[in-house]
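In what follows, a single structure is set out as structure tokens and then discussed.
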Amino acid sequence: MSALERAEVKRLREGSPWTGLWAVVAKEMADHLTSARMRILELLILLTAGGTVYVAMQQIRASIGSDRFIYLKLFTLSQDPLPSLIGFLGFLVPLIAIALGFDAVNGEFNRKTLSRILAQPIYRDALLLGKFLAGLFTLALVFSAIWLLIFGMGLIGLGVAPNTEEVGRLLWFLLATIFYGGIWLVLAQMFSVVFRQPATAALAAIATWLFFTVFWNILASLLAQSLRPIQYGFLEEALAQAELELALTRISPNTLYAEIAIALLNPTVRSLGFVLPFQLEGAILGTPLPLHQSVLLIWPHLTGLIAATILLFALAYILFQRQEIRA
Amino acid sequence: MSEVIVTKDLTKKYGDFVAVDHLNLTVHKGEVFGLLGPNGAGKTTTILMILGLTEPTSGSIRVLGFDPTRQPLTVKAHVGYLPDQVGFYDELTAYENLIYIAKLNGLPREEADRRIEAALQKVNLSEMRDKAVSTFSRGMRQRLGVAEILIKQPQIIIMDEPTQGLDPEGAREFLDIIRTLRAEGITILLSSHLLHQVQAVCDRVGLFHRGKMMLEGTVDELGRKILGKAFRIYVETPDTTPEIVEALKQVPGAVNARVLNNMTTIEVEATSDIRHEIARSLIAAGGQLRGLSMEAQSLDEIYAQYFQEVEHVRA
Chain R
6 MSALERAEVK RLREGSPWTG LWAVVAKEMA DHLTSARMRI LELLILLTAG GTVYVAMQQI
66 RASIGSDRFI YLKLFTLSQD PLPSLIGFLG FLVPLIAIAL GFDAVNGEFN RKTLSRILAQ
126 PIYRDALLLG KFLAGLFTLA LVFSAIWLLI FGMGLIGLGV APNTEEVGRL LWFLLATIFY
186 GGIWLVLAQM FSVVFRQPAT AALAAIATWL FFTVFWNILA SLLAQSLRPI QYGFLEEALA
246 QAELELALTR ISPNTLYAEI AIALLNPTVR SLGFVLPFQL EGAILGTPLP LHQSVLLIWP
306 HLTGLIAATI LLFALAYILF QRQEIRA
Chain Y
87 MSEVIVTKDL TKKYGDFVAV DHLNLTVHKG EVFGLLGPNG AGKTTTILMI LGLTEPTSGS
147 IRVLGFDPTR QPLTVKAHVG YLPDQVGFYD ELTAYENLIY IAKLNGLPRE EADRRIEAAL
207 QKVNLSEMRD KAVSTFSRGM RQRLGVAEIL IKQPQIIIMD EPTQGLDPEG AREFLDIIRT
267 LRAEGITILL SSHLLHQVQA VCDRVGLFHR GKMMLEGTVD ELGRKILGKA FRIYVETPDT
327 TPEIVEALKQ VPGAVNARVL NNMTTIEVEA TSDIRHEIAR SLIAAGGQLR GLSMEAQSLD
387 EIYAQYFQEV EHVRA
């Protein structure tokens, strides 16, 4: 063995980082699915879905036959004082995701199980990734169940089968919903690495969510006004300011998710940015886009959501690797 | 291979603080080695480095010939670790807790079941198999921790303060378990500051202070090194004259002799068991022998004396 090869061997860690991953996933998922916390949240989302879909069905019955996409309407129609289902999802998804992740690592630490688990022949990678995947699979399971339930309610309540276009759109929307949950899940897990107290981690995650829900849009508008001021009243100036504001608001996962919902569940939406009158020349307004065009429209949003999830996971991973496990 | 754990100039620094300072430690196959020292002496840090759970700043470690920083999975597959505070998932049963560990070790289900039954039997927890761990006492948790270690059939077991917080009965049971494991040829490294318990089970001990191992050896060896004597022999005689005391002091192996307050007993401190010689010279000097007893040096005394000296030198 040459000196170079020896150096190479010395540098590498032996064994796969995935050893034990599925054992962790199976255990964590079993925990999630049987925990009282999860049952409460499931009940909550079940009531919400049931309520909003029922209200939407009442409205659809009145106008049946006039619409090609009644199943999409189940998600978007609202009647005061109840918001639509996507309105509810916008804050229920983060809530569930945070509930699944906020005590992931510090919980093990406080129960004194962390050092015992890490003394098994697994890498830390398997523990963190296993916990994340278990959370993501749980979210996927819960939302898939809700989706199927809504389809079922639609079949019974409306007596019309969904067409392939609707099924396709709702499946894409399901995917987006799962990854929207993934962001908040991984954020909560990251805070669970940083903070020793689960309550602090939960609060930090909820504070981040509140910041993006309530304050970010205001902040984005202020930032845009100060960075791209309108000095002479030109159209270009107004446009530049509005575009910057839009770009800034899209840093928030809430905005991304809301835009995905609009584009997927409302086939007539042709653009999520600004459209000037001359860009609409020749367009037949009010005609729906085919599914693949709508998907094309939300593609950057979806990749953005997934990329943010991966980036946050990488950050949590680095923090966890550097953490001393002794009390 | 007789040396199962070897560290060379092992050093761990947290910023400026040196937790472990050029530690050279060797543990032989089949022995029970005790790490002794006050809190913060670097015992736990050393243990974590041996397991590959913390990276050393410098120096090297070999565990069963493997490097824990580069081959942690191999090391952790053969080394069982009982942390100072053993925690379990309270809402799960003993069996569910153990099967999770078995799965993390990659054991197939049937083999895992077999090993879990055997391990629970060994630590006397068979009846508690399907009870939630939240109902367990501290002693039971500690024993469940041992059962968990036994599942992977380790060659080495490392225990950090294993008897801390146990009641005397629990501690005694636990020491019995350690003796059973030793009889099976498992090497055991344990850290503690409960000295009489260490003395009861350890073949060799190492005295830790400020990240350094100051002394190493059997309890008797340490006694000789620190106190210069390891045995105390009590001679009961009515003739406690200065001549006789002087005669006993001259016996080879005796370090000191003095008359105790009751005026009928002479205490001889010695480096080895010299009862026979003492008796002979007492009688030769014309004294009557009414009784003879001996006690070995306790580790408590060695420890107290040693750290007294260390603090004295520092002050």
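Protein chains in written order, with my numbering: chain R, 6 to 332; chain Y, 87 to 401.
For glycine and all other residues, C-beta sits at the position ideal for the given N, C-alpha and C.
Listed by position along chain R, the residues whose Cβ is nearer than 7 Å to that of N191 (chain Y) are Q125, P126. Of the residues assessed, G128 (chain Y) falls on the buried side of the cut-off, its CB having 16 or more other CB atoms within 10 angstroms. Between I103 (chain R) and A35 (chain R), the beta carbon gap of about 20 Å keeps them out of contact (Cβ cut-off 8 Å).
Contact fails between the region 108–115 of chain Y and the region 308–318 of chain R, because fewer than three Cβ pairs, one in each stretch, are under 8 Å apart.
Assignment of L244 (chain R) by DSSP, reduced to helix, strand and coil, places it in the helix class.
By DSSP's assignment, I265 (chain R) forms no beta bridge with any residue.
With a minimum length of 4 residues, the unbroken runs of alpha helix (DSSP H) contained wholly in the region 272–324 of chain Y fall at 281–287, 305–313. A residue is called buried when at least 16 other Cβ atoms come within 10 angstroms of its Cβ; N111 (chain R) meets this threshold and is buried. Chain Y places a beta carbon closer than 9 Å to that of T118 (chain R), counting this residue as a contact. Taking a cut-off of 8 Å on C-beta distances, the region 192–212 of chain Y does not touch the region 48–55 of chain R, as fewer than three cross pairs fall below it. Among the bridge pairs identified by DSSP, L121 (chain Y) is matched with Y:S277, Y:G292. Distance check between S220 (chain Y) and each of R:T254, R:F178, R:I323, R:R116 places R:R116 closest, using alpha-carbon atoms only. The Cβ atoms of T93 (chain Y) and I147 (chain Y) sit closer than 9 Å to each other. Chain-ordered listing is empty here: chain Y has no CB closer than 9 Å to the CB of R42 (chain R), the nearest sitting near 12 Å. Under the three-state reduction of DSSP output, G151 (chain Y) falls in the coil class, being neither helix nor strand. Taking a cut-off of 8 Å for Cβ pairs, the region 159–169 of chain R and the region 130–140 of chain R do not touch, as fewer than three such pairs fall below it.
In the DSSP secondary-structure assignment, L90 (chain R) is not bridged to any residue. From the listed residues Y:G373, Y:G166, Y:V399, Y:A286, the smallest Cα separation to L123 (chain R) is found for Y:G166. Counting C-beta atoms within 10 angstroms of its own C-beta, W304 (chain R) has fewer than 16 neighbours from the protein chains shown and is therefore classed as exposed. Exposure of I45 (chain R) is indicated by the presence of fewer than 16 other C-beta atoms within 10 angstroms of its C-beta.
Residue contact check for K136 (chain R) against chain Y: no CB pair falls below 9 Å. When the beta-carbon positions are compared, A150 (chain R) and V30 (chain R) stay at least 9 Å from each other. With its beta carbon at least 9 Å from every one in chain R, D95 (chain Y) lies outside the interface.
One alpha carbon belongs to A233 (chain Y), the other to I264 (chain Y), and they sit about 12 Å apart. When DSSP reads this structure, E234 (chain Y) sits in no beta bridge, so it has no partner. Proximity of the region 179–198 of chain R to the region 91–108 of chain R meets the contact definition, three or more beta-carbon pairs being nearer than 8 Å. Put simply, of R:L180, R:Q84, R:A247 the residue whose alpha carbon is nearest the alpha carbon of Q63 (chain R) is R:Q84. Following the DSSP letters along the chain, one finds V110 (chain R) inside the alpha helix (DSSP H) bounded by residues 109–115. Straight-line spacing of the CA atoms in D246 (chain Y) and R121 (chain R) works out to 12 Å. Chain Y places a beta carbon closer than 9 Å to that of R121 (chain R), counting this residue as a contact. Secondary structure at F184 (chain R): helix, using DSSP grouped into helix, strand and coil. Looking at Y:H164, Y:L184, Y:F393, the one whose alpha-carbon comes closest to that of G173 (chain Y) is Y:L184.
H297 (chain R) and P272 (chain R) have their C-alpha atoms some 11 Å from each other.
The beta carbons of T327 (chain Y) and I352 (chain Y) sit about 10 Å from each other, so the pair does not count as a contact at 8 Å.
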